[in-house]
Structures are given as structure tokens and as C-alpha cells.
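Using full-length UniProt numbering, the final residue of the sequence shown is 552, and nothing's skipped along the way.
Don't be surprised by glycine CBs; every beta carbon is placed ideally from N, CA and C.
Quick caveat, the model's predicted, so the values are computed rather than measured.
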Amino acid sequence: MSAKGSRICVVGAGAAGLTSIKTCLEAGLEVVCYEKTSNISGLWCYRREDIEGVGRVQKTTITNSSKEINSFSDFAIPKEFPNYLDHKKMCEYFELYAKHFQLLPHIRFKHSVLKIDKTHDYDTSHRLKVVVQNSEDNSVSTQEFDGVMVCTGHHTTPRWPHFPGQHLFKGKILHSRDLSSQLDLQEYEDKTAVVVGIGNSGCDSAVELSYLCDKTYMSLRRGGWVLYRLGTNGWPIDYLLQTRFLNTIRKLFPFGLICWYFETFYFNYRFNHRLYGIEPNSRCFSEIPIISDVLPTRIISGRIAIKKNIKRFVEDGVIFEGDQNVTKCDLVVMATGYHYSFPIIDESLFKHTDSKPLNLYKQVFPEQLSHWSLALIGAIQPNGGIFSLFEMQARWYTMLMTGKCQFPSHDHIVADIASANQIRDQIFYKSVRNSLGVDWISYMDDIADIIGVKPDIRQYLFSDTPLFIRLVFGTALSYEYRLKGPNSWGGARDALMQSDYRVRYGINPNEAKSGSQYYLNADFYKIVFVLIFRMNCFIMKIRGIYRNSYKD
1 MSAKGSRICV
11 VGAGAAGLTS
21 IKTCLEAGLE
31 VVCYEKTSNI
41 SGLWCYRRED
51 IEGVGRVQKT
61 TITNSSKEIN
71 SFSDFAIPKE
81 FPNYLDHKKM
91 CEYFELYAKH
101 FQLLPHIRFK
111 HSVLKIDKTH
121 DYDTSHRLKV
131 VVQNSEDNSV
141 STQEFDGVMV
151 CTGHHTTPRW
161 PHFPGQHLFK
171 GKILHSRDLS
181 SQLDLQEYED
191 KTAVVVGIGN
201 SGCDSAVELS
211 YLCDKTYMSL
221 RRGGWVLYRL
231 GTNGWPIDYL
241 LQTRFLNTIR
251 KLFPFGLICW
261 YFETFYFNYR
271 FNHRLYGIEP
281 NSRCFSEIPI
291 ISDVLPTRII
301 SGRIAIKKNI
311 KRFVEDGVIF
321 EGDQNVTKCD
331 LVVMATGYHY
341 SFPIIDESLF
351 KHTDSKPLNL
361 YKQVFPEQLS
371 HWSLALIGAI
381 QPNGGIFSLF
391 EMQARWYTML
401 MTGKCQFPSH
411 DHIVADIASA
421 NQIRDQIFYK
431 SVRNSLGVDW
441 ISYMDDIADI
451 IGVKPDIRQY
461 LFSDTPLFIR
471 LVFGTALSYE
481 YRLKGPNSWG
491 GARDALMQSD
501 YRVRYGINPN
511 EAKSGSQYYL
521 NADFYKIVFV
531 LIFRMNCFIM
541 KIRGIYRNSY
551 KD
């Protein structure tokens, strides 16, 4: 069924779930959302208790992407909000979004989805049955829907590594997701902690423990590229780098040259990754960067020490690879990420083994299905804001449900997934985290082109030159995808043109109206000059080699 009036089930009322409800309503679809907890916001709703299948942030977590990068396409984060939000401000934004678009009446709180399966006539109707449990009275019911949008995310099932001798350890072992909830941190004041892993949660955990513990170690199998939240002149770093101009430069110049530039002038500019012991064996654009403003300072001050992978546990500590002696410790935190598992989905719809890619068409639709009735919203890891990607995926899904765009053949889907996996393997270092990696601009443009909302930038060259300049050289933001096409937004242009003002207002309201466009500053010209200079040197070197060969 592909018409207005279709009944859609949304699983989860986090960021992906909220925007999925909103896009369903926008498309005229009947929608019901089942949320396991009593709150919206998903993992951003900080809670001390552990709820199975529900992710959560640490108490001190703040966003890695700035507010303009994170905003939904037709509802900008208020200018009064800081540029990087803690979990309270993030929840406040989601509450404003839900209230503005009247989403709450469509959410059934304290309802857990137990199973998603095919109906008996799925081959002809493509309908799905959803088994739901009401946690207040434990009653179980089965509902049928024309489509299901699974918005539970991929940060729900902790990944636990196992080391030799781990059972002998007399101290405490936790996963990073439980650090702020299950542990009285004061108990470990003046003690020793080991954090395994260097992802965002690993850095956050190590930094937090380093303020309490006498010594904190980070145990790494391989390093990672660490980026500060602040860029030139104190602007959010992602706001400076996520531009169509730079994205084009990255594609035009050799991969090695682009990596050299950003490793030299961004990643290693503040601190030398090799000197600090965290340089990975891959280039900076071969993985999603880690965001931490404090880690280098804690390392140089001796509060955090970098070690290799754990060789084995003993009763009172661990032995690191390359060490002969035992490093005594009281606490080990496994910041080792999550399994990408979706246990509520029947294997006839989506079967996944943890050692392989998810094999989703455009990171949304399972390869084994030839119909779009089941969608996984949010199984993605961009190098930019993630909430706008959820929204774009949801917009695509609702347009399929209303018959406004076509779904490709199964052969096309299989070929596209294989091609995407091959490209990802060529660019990204092979790891669980990078298996979901996408480039924000490329991915958004790809889906936007399918549903007819990709902006035709050339048309603004003469008709709206300021907007043209903004689209080419300014930060690529989700508002661009509301300028034209289905469900366009009259406020999209103003949202784009006023984004610099909102960034400045979030830093200092008294100075918000001062200053030129950030992308016309010296940093912009430095990028252009250095890349052209290095490319010219490379060309001259090649020409010299050919000339010498010709003379010989």
C-alpha cells in the first residue's frame, strides 16, 4: 500500500523517532510511536537506571556536533542555546520540537516492542505485525501496520571484550555507558583506573576519571585522530569544515595531499598525535574523528598515561603489551562500543551478523527485502550532524509510502550496497565504528536528489547571489534541503543566512551582530593557498621526473 492513510509504526521516541513521527504527519500518514520509557529524547535523556535496549549518555556528555550542524531542517535550535549542548539542553530542544509539531499525542509511552514480523499475507500486502507490551499492566497485543520505522539506534547493546585472566581480577569492570550511573565515582578518588578504547566515550571516560583518580591509563589497540570542538577564532570546528567548497576540494585533490593538509593544520596543529602516543595507522579521512577538548591537556599534565592493549589481567591489575610488570588498578572501564543488533526484528526481515556490514540500501532498507515497508532509521555514522540524516531518511521513507518516489529493483539494491561497501572499504579503515561511516554532504545530497529536494545551487548565481555564495562557501546545513521541492519551508533561506548570527549569539549575545562572514577570513584563503601550492609542487616534481627520463 502506497497512499495517504497508510498506518505507520515508529519504534522509539528519540531523535530519529521524533522526526519520523513528524515526517509521517507531514505526509498525511497515520502514525503510532511506541516508546519503552516514560520520556522522549532516547539516549539523551540521562537516567541512572539501566533499561535493556535503551542507550544512554554519561552525565557529563555534550554534543560532538555544534547546534547548527545538529538542527532539524525546519526547526533551528534557538539562538540562545550554546553551540555545544549538554544532555539537558539537547532534551529541551527535542521537547520544543515535539511541542511545536504536536508529536506527543502520537506517542505511547511505557510500551515495548517485542517483535516485528511479516504478516501472513506479506508477499502481497507487505504489511508487518508488531507485538507490543504495555509495561504498566504487562498486557501484550499484536498490531498490523503498513510500515515500520525502527528508530532504536545502534548504541543499545554494549560490546564486551574478553582478555586472558579477566575472571581473576578483584577490582571492578564496567562498560563506559554505566560509568556515571552504576558507579559512585568518589569511591575511586586517589585510586587507579584503566580505560580500554579511545572512541568518544573512551576519551570522555578517561578525562572524567582523571580528575578523581590518582592515575588513569588509556589502553589502546590503535590510536585515533582527535579533533577539538573549537576551530579558528573560536568558531565551532565542524561549522568551519562542513562546506561544499571544501568537500569539492577534497574530491579534486589527491587523497594523500588532503589528508596531509588536515593532519598538519588541524589534527596535529594543537598536539602531535605520534608524540602523544595516539597516532593511528590510518589517515585522518579514513575514519570518523574523535572529539575531545581536554584529552591532550590531561596527557601532558600526567593525569592520563597512554598504554598499549591489555595483554592479560591478574588479581590486582593488568599487564599491558610491551610491559613486563603488572600495572595495579582498581577499576577497568570498557569503552569498546556497541554491537549493531536489532533483536526485535525477525530474521526473515533482517538478518545480521556482527562481523559483517549491515547491508542496508542507503543505510535504511535491508538488502534481503524487495519492499520498503521496513526501514531502519539512524543506522549510520556521519562525519557531521546526525539528526538531520535521521530526518532525511524519514522524509525518503514517507515519500515512498505516499507514492511520490519510486523504489528501485532488488538487483539495483544489491549492486548499490556492494558498491557502497567497496567504496567505504577503500576510504575508511576497517572497524565496527567505521562500517556505518558516510560523508554528510554526499549522503544528504544523494537522498535529497532521490526525493527532489536537493538545491540547484547554480540557479541562485544571478537570481540570489548572496544565497549562492552562502551555499557554496558557507557551512552546509540541513535548511538547504527545504529551499525547494516537497514540504519546502518558507523560512529556509533566512535560517541559512542567519546561521552565523545564531552561532555568535550562542557565544556572546552582546557581540552577535558584529563580524563578517566566517568563511571570508584568513583561514579560508590559507586552505586554498596551501593546497594549490602543494599541488603545484607535486606537478612540478612529476614534470621534472618525465623531463629527466626524456633526456636520458
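Would you mind working out which of the options sits nearest residue i, comparing C-alpha positions?
i	options	result
Gln363	Arg274, Leu349, Asp416 and Leu25	Asp416
Thr216	Val194, Phe245, Phe342 and Gly234	Val194
Val477	Lys454, Ser463, Leu461 and Arg458	It should be noted that the sequence gives Leu, not Val, for residue 477. The residue with the shortest Cα to Cα distance from Leu477 is Lys454.
Leu114	Ser141, Tyr97 and Asp123	Ser141
Asn83	Arg159, Gly506, Asn510 and Thr353	Gly506
Ala420	Pro357, Gly474 and Ile249	Pro357
Ser139	Gly147, Ser112, Thr156 and Val150	Ser112
Asn499	Asp316, Pro236 and Gly378	According to the sequence displayed, residue 499 carries Ser and not Asn. Answer by Cα proximity: Pro236.
Glu136	His167, Leu230, Thr243 and Thr37	Thr37
His155	Ile447, Val332, Asp293 and Glu52	Glu52
Val333	Ser210, Tyr397, Tyr340 and Tyr501	Ser210
Leu246	Phe387, Gln459 and Asp439	Asp439
Val131	Pro382, Ile447, Tyr34 and Lys191	Tyr34
Ser341	His410, Gly378, Tyr361 and Lys328	Gly378
His100	Asp121, Lys118 and Phe75	Phe75
Ala15	His162, Glu26, Trp44 and Val32	Trp44
Gly485	Ala448, Gln166 and Ser282	Ala448
Met149	Ile278, Leu376 and Gln166	Leu376
Roughly how many angstroms separate the alpha carbons of residue i and residue j, rounded to a whole number?
i	j	result
Lys308	Ile380	29 Å
Phe253	Leu461	25 Å
Met90	Leu369	35 Å
Lys129	Cys405	25 Å
Gly5	Lys22	15 Å
Arg493	Leu467	8 Å
Tyr239	Arg504	12 Å
Arg395	Gly452	11 Å
Tyr429	Ile69	25 Å
His412	Lys172	50 Å
Ala480	Asn134	Note on identity: in this sequence residue 480 is Glu, with Ala being the wrong assignment. Rounded to whole angstroms, Glu480 to Asn134 spans 40 Å at the Cα level.
Ala13	Val207	30 Å
His344	Ile116	In the sequence as displayed, the identity of residue 344 is Ile instead of His. Each residue's alpha carbon lies about 6 Å from the other.
Val318	Ala418	42 Å
Cys9	Met401	12 Å
Gly17	Met392	12 Å
Ile288	Gly199	10 Å
Leu212	Cys329	14 Å
Tyr546	Cys537	For Tyr546, the predicted model reports a pLDDT of 48, less than 50, meaning its position is unreliable; a value from the coordinates is still stated below. Taking the straight line joining both Cα atoms gives about 14 Å.
Val31	Cys151	14 Å
Asp552	Gly256	Any reading at Asp552 needs caution, since the residue's pLDDT is 49, under 50, leaving its predicted position unreliable; the model's value is listed next. Roughly 30 Å between the two C-alpha positions.
Ser2	Tyr97	Low local confidence applies: a pLDDT of 45 at Ser2 is under 50, so the model's placement there is unreliable, and no value is given.
Asp464	Ile441	22 Å
With C-beta atoms as the reference, is residue i less than 9 Å away from residue j?
i	j	result
Phe81	Thr19	no
Ile299	Gly224	no
Phe350	Leu374	yes
Phe145	Arg7	yes
Leu220	Ile306	yes
Thr336	Gly197	yes
Arg177	Gly55	yes
Glu315	Cys284	no
Gly29	Thr398	What sits at residue 29 in the sequence shown is Leu, not Gly. Contact flag set, yes.
His273	Val226	yes
residue 554	Ser65	Any answer about residue 554 is impossible in this case: the structure gives the chain only from 1 up to 552.
Glu92	Ile40	no
Ser388	Met444	yes
By a C-beta neighbour count over all protein chains shown, 10 Å radius and 16 as the cutoff for buried, is residue i buried or exposed?
i	result
Ser348	exposed
Lys251	exposed
His106	buried
Ala522	Low local confidence applies: a pLDDT of 48 at Ala522 is under 50, so the model's placement there is unreliable, with the coordinate-based value given in what follows. It is exposed - the Cβ of Ala522 has fewer than 16 other Cβ atoms within 10 Å.
Glu187	exposed
Ile423	exposed
Trp160	exposed
Ala495	buried
Arg48	exposed
Arg482	buried
Tyr550	Residue confidence is low: Tyr550 scores 47 on pLDDT, short of 50, so the model does not pin down where it sits. Its coordinate-derived value is still stated next. With fewer than 16 Cβ atoms within 10 Å of its Cβ, Tyr550 is classed as exposed.
Ser409	exposed
Gln459	exposed
Gly147	buried
Please confirm if residue i has its CB atom under 9 Å from at least one CB of chain D.
i	result
His106	In the displayed structure, chain D is absent; only one protein chain is listed.
Considering only heavy atoms of the ligand SAH, does any lie closer than 8 Å to the CB of residue i?
i	result
Leu471	Among the components modelled here there is no ligand, and therefore nothing to report on the ligand SAH.
Inspect the CB distances between the segment 423-434 and the segment 61-75 and report whether three or more fall short of 8 Å.
No, the segment 423-434 does not touch the segment 61-75.
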